[in-house]
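What follows is a single structure, written as C-alpha cells, with notes after it.
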Amino acid sequence: LSRMARMARLFRAMPELLILIKGMLQAMRSVFFTLCLEAIIIYIFGIAFRQLVGNAALDPDGEPYFGTIFSSMHTLLIDGTLMDGTGSVIKALGEESYLYAAMFYLF
7 LSRMARMARL FRAMPELLIL IKGMLQAMRS VFFTLCLEAI IIYIFGIAFR
57 QLVGNAALDP DGEPYFGTIF SSMHTLLIDG TLMDGTGSVI KALGEESYLY
107 AAMFYLF
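Put into C-alpha cells, the structure is as follows:
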C-alpha cells in the first residue's frame, strides 16, 4: 500500500510521466487491433498457400514450407513478414510456378 502511495506521489510530481503512461495505454488498443488484422491476413494467405502449393515447395532440410496451415502461417510470418530468409522461400516457390512467387511477393 505504501508503494502505491509512492507511485501516486511520483505521478503528481512528474505529470509528464502520467501523460506518457496514458498515451501508451491508448496506443495498446490500436496495436492490438493491428496484430489481430495481421493474424487474419496471415491465416487467409496460409490457407491459400496450403491449398495451392501444399507439399511441393520444400525447405533445404526437405520439410515442406506449406505442409499444414500452421506451418504455412509460420513460413509467412517468419519468412514473409519478418523477412528472415525470403530468398529460399521465393526460390522454392519459383521452381513450382512463378505465380506462387508473385503471390508471395503480394503477401
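Residue 7 is where the sequence shown starts when you use the working numbering, and the numbers rise one by one after that.
Idealized CB from N, CA, C, for every residue including glycine.
If you look at proline 21, you'll find it in the alpha helix (DSSP H) that goes 21–58. Taking C-alpha positions only, leucine 23 is separated from glycine 73 by approximately 49 Å.
In the structure shown, leucine 16 adopts helical secondary structure according to DSSP, grouped into three states. A straight line joining the alpha-carbon of threonine 40 with that of glutamate 102 spans about 32 Å. Under the three-state reduction of DSSP, leucine 64 is assigned to strand. Three or more beta-carbon pairs separated by less than 8 Å are not found between the segment 28–35 and the segment 67–82, which leaves the two stretches without contact. One thing to note: tyrosine 106 has its Cβ within 8 Å of the Cβ of leucine 58. Shortest Cα-Cα distance from leucine 64 to any of Ala45, Ile53 and Gly93 involves Gly93. Taking C-beta atoms as the reference points, methionine 89 and glycine 52 fail to come closer than 8 Å. Excluding the 5 residues flanking it on each side, phenylalanine 55 has same chain C-beta neighbours closer than 6 Å at Phe72 and Ser78, in chain order.
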